[in-house]
Structure formats: structure tokens, C-alpha cells
Amino acid sequence: MSQNTSYYNEARAYEQLERAIGVEPRRLAEASVEEIASAIRPAGMHNIRAKAIKRLSEIVVSRYDGDISVILIKGLQEAREELIRLPGVGRKSADVVLLFEANKPVMPVDRHIFRIAERLGFVSGNQDYERVRSTLESIIPKDKLEIGHLSLIEFGRRICRARFPLCGSCFIAESCPSAKHGKDKENRIR
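Set out below in C-alpha cells:
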């Protein structure tokens, strides 16, 4: 549900879904698309998302008896590939599940993390998800990937924002190529 929606709306939709139906695959597979859509309305595109959630839940129930732990115990690459084969599960979603549910050493990359990596000069704007992910995994210690992921997202929301980044308030601005080149006209370091 996180794609193309704010964290606030995603969290509201998830909480409403959990209250109204539950988030277990069996409960979602048994619910109607309309019930799911009503619960996740705050996330936007609720009708499209509801169909995807229902379909994914039905597959997880039929293929895995409602429990994806059989996927998560596999090696990182095999588990990732199997998750990505599920409908509606992309690389970022698969990596989030692998990091937070299976404790696998992977760095999910969202728009905030990509923007920060690009502004710091770790990657260029034309690099794809895999390149950004592998670059960050080579920089961030494996035991810090969870906190690194969450911290970078929060940093991207509050300081290194897409529009009007607060370079003047940034603790790493002195080392940031973007801050030095004046990408933030009002708050750049002088």
C-alpha cells in the first residue's frame, strides 16, 4: 500500500484494514473487494489496491497455506525472487519483507533513500534500483540495515526533502555535494 501514497495515509489505511478485516491472508482472501476497498480508502486508489490485496492473499493462501515463512527461510536471492513473482510485489516490497520479517541483509530503497544517495553522490540519477541497493548495502553495516533504512526515510521526509531541502539544518551538509552546489537556494550552506 505504500506506493504513491504518504506514510500518514498508508498508516491510516493499514490500521483501518486491521480493525475492519484483519491483515492475515486468510481473512483478506475471504473478504470482498468492496470491504477491503472501504477499509483502505485513505491510501488512495483503493479499488485497484483492494483487488491486488485480495488476489495476493488468495495466492498466499492457496500456495503457502496462508504463511509465507516457507519463502522467508530460503536464501536471500531465492526468497527475493519468489516474493517478486507474487502479483503486486515489487523489489522494494520484497526487500522490506525480507529485511523486517526475515532479518535478511538487504536495503530496501524508496524515493527518499534514492534521493539522499543521489544528493550525497553515492549514485547518479540514472542508476536503477539494484545499483542503488547494492551501493548502500556496501556502505551500511549489515547489522545496521534496519535502523539505516528507517533513519534514511525519516531524514528524507524531514530534512533532505524532495522540494526545499533544509540544507541549513542538515548535520552532513558540509560533506554533501548538493548542499555545496546550492540545490537548496534558501537554506544552503553559505
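Read in our numbering, the sequence shown has 95 at position 101, and its numbers run on one by one without any break.
Using N, Cα and C, we set each Cβ at its ideal position, and we do this for glycine too.
Treat the numbers as computed from the prediction; the structure is a model and nothing was measured.
Check                                                                                            : Outcome
Cβ contact (3+ pairs, closer than 8 Å) linking the stretch 31 to 40 and the stretch 55 to 68     : no
Under 8 Å between C-beta atoms of residue 118 and residue 112                                    : yes
Member of 100, 110, 165, 121 whose CA lies at the smallest distance from the CA of residue 135   : 100
Which of helix, strand or coil DSSP assigns to residue 158                                       : coil
Residue 158 to residue 68 span [Cα, whole Å]                                                     : 42 Å
C-beta atoms of residue 55 and residue 25 nearer than 8 Å                                        : no
Meets three-Cβ-pair contact criterion under 8 Å: the stretch 89 to 97 and the stretch 147 to 158 : no
Proximity to residue 58 [Cα-Cα], best of 42, 70, 77                                              : 77
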